[in-house]
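First the structure, in the form of structure tokens, and then the observations on it.
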Amino acid sequence: MQEHSAKAKAPATVPLMFESGSPGRTGFFWPEEAGPTGLPQELLRDEIPGFPELGELEVLRHFTRLSHLNFGIESQFYPLGSCTMKYNPKVNEAVARLPGFALVHPLAPPALLQGALELLFGLEAALAEISGMDAVTLQPAAGAQGELTGLMLVRAYLSEKGGPRRKIIVPDTAHGTNPASSTLCGYDVVQIGSNDQGMVEPSAVAKVMDETVAALMLTNPNTLGIFEKNINAIADVVHSKGGLVYLDGANMNALMGIAKPGHMGVDVLHINLHKTCSTPHGGGGPGAGPVAVKNLLRDYLPVPRIVKSGDRYDLREDFSKAIGRVRSFFGNFGVLVRAYAYILSLGSDGLQETSRMALLNANYIRKKLENVFQIAYAERCMHECVFTDRLQQKRHVSTLDIAKRLLDYGFHPPTIYFPLVVSGALMIEPTETESRETLDAFIDAMTSIAREAEENPELLKTAPHSTPVRRLDEAKAARKPVLRWEPKRG
Amino acid sequence: MQEHSAKAKAPATVPLMFESGSPGRTGFFWPEEAGPTGLPQELLRDEIPGFPELGELEVLRHFTRLSHLNFGIESQFYPLGSCTMKYNPKVNEAVARLPGFALVHPLAPPALLQGALELLFGLEAALAEISGMDAVTLQPAAGAQGELTGLMLVRAYLSEKGGPRRKIIVPDTAHGTNPASSTLCGYDVVQIGSNDQGMVEPSAVAKVMDETVAALMLTNPNTLGIFEKNINAIADVVHSKGGLVYLDGANMNALMGIAKPGHMGVDVLHINLHKTCSTPHGGGGPGAGPVAVKNLLRDYLPVPRIVKSGDRYDLREDFSKAIGRVRSFFGNFGVLVRAYAYILSLGSDGLQETSRMALLNANYIRKKLENVFQIAYAERCMHECVFTDRLQQKRHVSTLDIAKRLLDYGFHPPTIYFPLVVSGALMIEPTETESRETLDAFIDAMTSIAREAEENPELLKTAPHSTPVRRLDEAKAARKPVLRWEPKRG
Amino acid sequence: MRYTPHTPSDKAEMLRAIGLSEVEQLFDHLPASLRDRAQISLPPGLSETAVKRRMAALAAKNGTAENWSLFLGGGIYHHAIPSAVDAVISRSEFATSYTPYQPEVSQGTLQAMFEFQTLICQLTGMEVANAGLYDGASAAAEAVLMARRLQDGRHRVFVSRALHPQYRQVIATYVKNLVDVELVEVPFTERGGTDAEFLAQQVDERAMCVVLGYPNFFGVIEDLAPIRALCDRSGALMATVTTEPLSLALLKPPGELGADIVVGEGQSLGVPMALGGPGFGFFTCQKRFVRSMPGRLAGETVDSEGRRGFVLTLATREQHIRREKATSNICTSQTLCALASTVFMAMLGKSGMRRMAEVNARRAHRARERLLKEAGLVPVFSGPFFNEFVLKAKGLSRLQERFAAKKIVPGIPVAEFYPELQDCLLICVTEMNEEEEIEHLARTFGEG
Amino acid sequence: MRYTPHTPSDKAEMLRAIGLSEVEQLFDHLPASLRDRAQISLPPGLSETAVKRRMAALAAKNGTAENWSLFLGGGIYHHAIPSAVDAVISRSEFATSYTPYQPEVSQGTLQAMFEFQTLICQLTGMEVANAGLYDGASAAAEAVLMARRLQDGRHRVFVSRALHPQYRQVIATYVKNLVDVELVEVPFTERGGTDAEFLAQQVDERAMCVVLGYPNFFGVIEDLAPIRALCDRSGALMATVTTEPLSLALLKPPGELGADIVVGEGQSLGVPMALGGPGFGFFTCQKRFVRSMPGRLAGETVDSEGRRGFVLTLATREQHIRREKATSNICTSQTLCALASTVFMAMLGKSGMRRMAEVNARRAHRARERLLKEAGLVPVFSGPFFNEFVLKAKGLSRLQERFAAKKIVPGIPVAEFYPELQDCLLICVTEMNEEEEIEHLARTFGEG
Ligand SMILES: Cc1ncc(COP(=O)(O)O)c(C=O)c1O
Ligand SMILES: Cc1ncc(COP(=O)(O)O)c(C=O)c1O
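Residue numbers (my numbering), protein chains in the order written: chain A, 1 to 490; chain B, 1 to 490; chain C, 1 to 448; chain D, 1 to 448.
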């Protein structure tokens, strides 16, 4: 272990759990129970070599210290573009932990699940209303699984109509999951570019659209934070050739009460509840990626589906056209509970205000920084805005350096180097839950960093200076991957 | 706000909540309700000047950042002597939050409180068993209120026997609450010294013991961590003159299954559940200071008392000799719930092991540091051990400097300058929940600090170097006290 | 064992280092007569699962505000608590720290205390507040004790009979052994307030202080002006006690009305009822009394680099320094509950506190109207109130079963504390009592 | 509004800075045909109190493991979860962070991922593990997809019919659009295991992989040796799927038995049942396959000062770099659940995991004995099992009401998934099912 200063003697890093503890120690107490396990000896393993042997306090100290090396939304501003790092309400955490939700078994008879099914039914309806679509499945575990599900619906529909077709059109600004999901669904990807306003042109779609194309995947607002104004015209182009329009709804936070995908010619979309509906990201999940469809795709939705008859909710699997099942049981129910609580909390007014304030915050940052950093596109932005490092490049300062320097100012950096079409992108999504004062402090920090880039570029290139560890050697990690601890031999 | 390094730009301190926010902002949402409040206007105030106006995320960030400036038992070793900073089990936190405990009103009819009363009844019995006493009241909110209660019982008893008497004998090693409680109970304090083994001599008691003395307050093990071996002889001295023996049971963590106060001639004692029974200290409470008595004092216990008849628990106030009520309702019920869960978790074996390991840990530290720091008394220690800064004084390094330097090593310092009879005391109570490795790391740190005291005393005198703030000017704080924020006048 | 991390080899090695071979040798210097009988006879330890089950079974035997309709106040109130409060106080850095003796690593607790003190001052309209005491009742007792320190030669403490009965009991217990304190009980009027005329006759230069509720136990908002005038005339101190501090977001604060000492119970501001504890007492007074105050005080200062920081200050008042001459014997107090209420007040803030207080007053006043009109209850006091009030219901004791069957507790029968108030109920209505519940209450009364 | 901190003046000033006067102007560049119809028709927002009540009312309509006796497994298990687990994952630094793209301020998440990967390797006996996938079912599908990447020219995937039926459904959904994958269903034997003889006949050089449960859906511990031998002979990969990873604390780990890919569902290790989600999928394989793996990987490295640190690594496999050529489309996964299980495994540790597993096996075996002897149930399979087993109860459907009246769910009726197994129940017994419950279960069967 290293010391981060001659005077500070406490280690800055935390030993691995495997490096602490003592043989025979455990944080689990269960009174001795006598008798054989009933299992033949030859099926049994020896003890698990290297497994931890820690006490309860030791475990808690370990993770408390690890938590102190982390950054969450309650630490400071977290304007990670495309990720919608908004406040995750505590009340949602509280209700998700109610035993009536947490201790329910998915294979219990439906009579024991009436509250859960009612909730899911209500959430489906709410998401349909918000998105302007006709039917919803809550099964997908995240956005990418939603994409796969949505594309499978398209494929099933087209297969019935004559053939699955071969291709999916994906703009170059799209998130990586769009092409990856297309491949996984057995499609080839046709990439198209955007115009100099950062938008997809109907003509660009028309150029590649034909009867071999199953669908266009469009993100709106797109990953530049720009609203695809021509979406209806684009949808017409796609529909005219018998294709369908998939909307990547990761950016729904910009649209609630402002415009409904259902009115944009969209046939199917997913919504990332861990973005728009404020469920916590957990360092990389769990999330939920419900898929909403127009009626033409309803029959293909995954099973089981929830049906209401009278006051009773039931599960039905007998939909002959259904694509099957994409996830075990009912999806990430605990996440869905939080999302439902969020929708109840905000109601129609609150949801509308949410998107409005998301737009206000993004446009405010955009305006205040437009003379400090080079803006990627001149268009008005929606819920996020994208800058580049063009101005700083002349001092050989890159987006990475700017991002790392922001850490010294106590802020989480924006998303960097995405979308790929913008060189050195800095993609800033403030979300609606940030106050003007926080935005101002961030703007000041960015302005100060731009000044530092002029006056002392070295300060940025060696940043961060005040984090628990400094820049990490990613090349080394990839070259000879060490992916697990191994006991010392000797 | 200050910057703690030229390169780190994030503030090390947190603005006051009154210095943030925006007029009209709130983290509380309640739908508009129409209609008059029913109260005449002239009774109403204007808005509360200066009151905070923050959003929910802002509030959480504020307190999350404040928490990062704090040190808890899950941060690192916290060997604060006399405070028994042991691990506070998470399961106790979980059960205390059950609605069946948290949402119970104390003035509801007893039929609605059967579970709570059963718990309290069970806890009284368990504490009586652990301490070897006959009856228990759970009303006192902390140790000091327990002391006051206990002395009031003594006083009531003696008053009935002929007169309350005038004095309480208190050893010079006693905690400050002992003399303070005595005064509050209308008694004068007679201080006695300890012998060169750090113990109270029966003869010293005999010298001041007469018919004007109501009681002796003794701490056992005492605040030097030494067991008062002669306690039975001392009790005889007190009893022979008609006085009673009060035991300050703050150090019960040393005694469970090792020796019962009830066998020591003790008539009354308090137990700090926030020490021995692991309820969290909360930065200074809430605690609980139940008082246990021998039968001679039972009738004087505060009301209401819990009585069981058949399967039913009831509250009774009709004890004519009772001293009355020392706290509203039933004491710190939420703390009592945690303590009960702790006792259930450990059971007899676990409680006994607790004290044994507390002794083992303290003696281990004592042994390992005995050549590094001057030990205050040669006697074998119980659950804590006391060192002095005598060896370091020759380099003009004081206990305070040693304590502050420990912060740089990531440890919480021991209790310092207490007990008052030891000059420059360092009072170390490791508790039983610490592992040998942690003790060794602490011992290494102390050893290293002793070396630093020799080699580089300045390093200690200017310590701490790595805390969020450095040494604070306590004199300034006391000279012209600023005890609240005031709005800037302009 | 559950929480001791010692493995057999840890023990053996540690014992060896100490020079012993068995754990029992660690205490073989204790008299055998003690050691031999020390065995604890309790059941063996339980698994965490078993503990949770046992505790859940006990909890399930209680009637809670979730599954009963409670119209109970009387010093403990069921209010909405934002989930953010528990999220903050659950953080181990706050929950598991000790009293902040090492300020360099306790700025979280200390700054929160300083903020708490400020909030309480703002709410009460007072100049200084401490960091909290055990509860409202002991805070009231401490108010009397402080008055005693300040009012040399004055012995008579006037305690309103309309002050919470348990608070009066605790005051009585606290002062009963102090020869220089005499308690005088002040009757109440048909208004439900403290009898100012009685006081006018009695309060003179022997009067140490007058202690009364604001609002008082009957929910009535005391008229402090005449009492302030009396105190001015006689030199007595006026101490008010608030058990429902939410009311102070709406009512003129006692500080504005001239109180010298304002104390109370803070549970109502963000702490669950929990059978009445833990909550916290708050204690405020005029600045000139600060060196006589009980309890901890956090104060602002600077560190060696000039940064703002906070410390415990004026410790020379306290037991660990002053011992038998301390202003109070309090040591461990209720800091985490005070923190809960600091978070609560920060969350609600200026407008939220007002809003919540208004909802309480509005619903309580409507409920009273309704009970008078629709359920035939009879008014008892004429004074204004905040969120609780006393009404008379003929044949009250006979109604108990009817209410129990409907899982309603209609209020606190006050005859237990005031025998002259037979058939009277103290009924509390907060923002947690919905319109339908109130209707249900009225209907159940009406059925009789 | 609930979570937007903008006051009217904040809005006005911000709009002014942007050069606008009304919020609506922020989106007036959108087609009016969209804007005009965008109004959301949902009820207005609720107070936090109202939300909690609404949610509690829904929760109360469910039958839980607290108020019912559930003998349900089948992929989701009710186990003791130390309270420490929730304490850790509730910390906002973990719960509210994003995927750790900025490692300098994400060492907490990254180190925990690294520890998770290590624990999963240790438990399964495998060489490398990723940081988690959505669930066991999609992990099984990803195993097939990885085999496809590794086994060029081989198309036939042998899936045991004794694998969890939902997992088989998900695999089928995932591969159905991939022309080069053909699923072959492998029957099970009277032992309750996968039919090795069938495999011996079918598995040849066209075989991509064999996928089977360990233990399988019937709770039966598959005999992997003959299947390993077949795979060796044919060049097929052996992929095992564990839905109850607690079993691996006791059973020989699949890695030791020669599995090439070991995947499963991790819910059983520290995550509440929650209607089956969120849990997490785990994914392990031999080291030589690492660059074909799906999902995130945390790897060790050093910082610019030489200190150990952790980063996301081998990202060139992933969608954000490789796009349509990525090994998987997964982005957001289930990290917090994986963290929960990391805490769980750390708490139980080597001996605690073993202890808990033994208690499961012991109680399940005793229960089965008892049901056979005392309740007249009939064995269905002869293979060894861990904590769940299939028994036949004549006239099962007629027993439903009797069990419901006693608040017992005796098991999962398997005929729904296997029509030939009429009247058969998959009965699961964990450490959460007490002796009396089992007695109660047996008695209720016996009554018939
Ligand atoms: C535009 C866009 N699409 C798709 C995704 C994938 O969603 P998920 O991470 O939930 O799988 C993301 C996630 O960042 C995204 O930003
Ligand atoms: C020996 C001793 N006695 C009494 C007390 C007072 O207990 P409390 O703080 O619970 O009032 C303490 C607290 O530190 C103590 O150590």
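The beta-carbon is built from N, C-alpha and C at its ideal position, and this holds for glycine as well. Note that the structure is a prediction, hence the values are computed from the model and not measured.
- Annotation for Met446(B): no beta strand (DSSP E) segment contains it, though the alpha helix (DSSP H) segment containing it runs Arg436 to Glu455.
- Within 9 Å of the CB of Ala87(C), the CB atoms of chain A belong to Glu74, Lys90, Glu93 and Ala94, in sequence order along the chain.
- Between Leu312(D) and Leu110(D), the CB-CB gap stays under 9 Å.
- Annotation for Pro304(A): Leu315, Arg316 and Glu317 place their beta carbon closer than 7 Å to its own, counting only its chain and skipping 5 residues before and after.
- With contacts defined as CB atoms closer than 9 Å, Glu129(A) and Leu42(D) qualify as a contacting pair.
- Contact residues of the segment 33-60 of chain B toward chain A are Gly55, Glu56, Leu57, Glu58 and Leu60 (C-beta to C-beta distance below 8 Å).
- Secondary structure in the segment 369-411 of chain D: the beta strand (DSSP E) runs of 3 residues or longer, each lying completely within the stretch, are 388-392 in chain order.
- Distances from the CB of His175(B) to the heavy atoms of ligand 2 include at least one below 8 Å.
- Using a 10 angstroms sphere on the CB of Asn360(D), the tally of other CB atoms reaches 16 or more, which defines it as buried.
- Within the segment 430-457 of chain B, no residue has its Cβ closer than 8 Å to any Cβ of chain D.
- Nearest neighbour of Pro79(A) by Cα position, chosen from Thr433(A), Asp349(A) and Val469(A), turns out to be Thr433(A).
- Inter-segment contact for the segment 27-38 of chain B and the segment 215-228 of chain C is absent: fewer than three beta-carbon pairs are separated by less than 8 Å.
- Around the beta carbon of Pro8(D), fewer than 16 other beta carbons lie within 10 angstroms, which makes this residue exposed.
- Here Gly132(C) is buried, its C-beta having at least 16 other C-beta atoms within 10 Å.
- Within 8 Å of the C-beta of Asn178(A) there is at least one heavy atom belonging to ligand 1.
- Note on Ile412(C): 16 or more other CB atoms within 10 angstroms of its CB, so buried under the neighbour-count rule.
- Using a Cβ distance threshold of 9 Å, Gly276(C) and His396(B) do not count as a contacting pair.
- Interface flag for Ile428(A) against chain D is unset, since no Cβ pair is found closer than 9 Å.
- Straight-line measurement puts the Cα of Lys404(A) at about 14 Å from the Cα of Ala425(A).
- Residue environment for His412(A): buried (at least 16 other C-beta atoms within 10 angstroms of its C-beta).
- Within the same chain, Val128 come within 6 Å of Val290(C) by CB-CB distance, once the 5 residues on both sides are set aside.
- Distances taken from the Cβ of His274(B) to the heavy atoms of ligand 2 include one shorter than 8 Å.
- For Thr64(B), the chain D residues whose Cβ falls inside 9 Å of its Cβ are Ser92 and Glu93, in order along the chain.
- Note that the C-beta distance between Ala87(D) and Glu93(B) is below 9 Å.
- For chain A, the residues of the segment 462-486 of chain B that bring a beta carbon within less than 7 Å of one of its beta carbons are His465 and Ser466, in chain order.
- Residue environment analysis places Gly81(A) among the buried positions, since at least 16 neighbouring C-beta atoms fall within 10 angstroms of its C-beta.
- Nearest in C-alpha terms to Ala38(C), of all of Asp188(B), His263(B) and Thr279(B), is His263(B).
- Residue pairing of Met238(D) in beta bridges, as defined by DSSP: Val210(D).
- Between the segment 260-273 of chain D and the segment 335-346 of chain D there are three or more inter-stretch CB-CB distances shorter than 8 Å, so the stretches are counted as touching.
- In the structure shown, Ile120(C) adopts helical secondary structure according to DSSP, grouped into three states.
- Straight across, the Cα-Cα distance linking Phe280(D) with Glu22(C) is about 47 Å.
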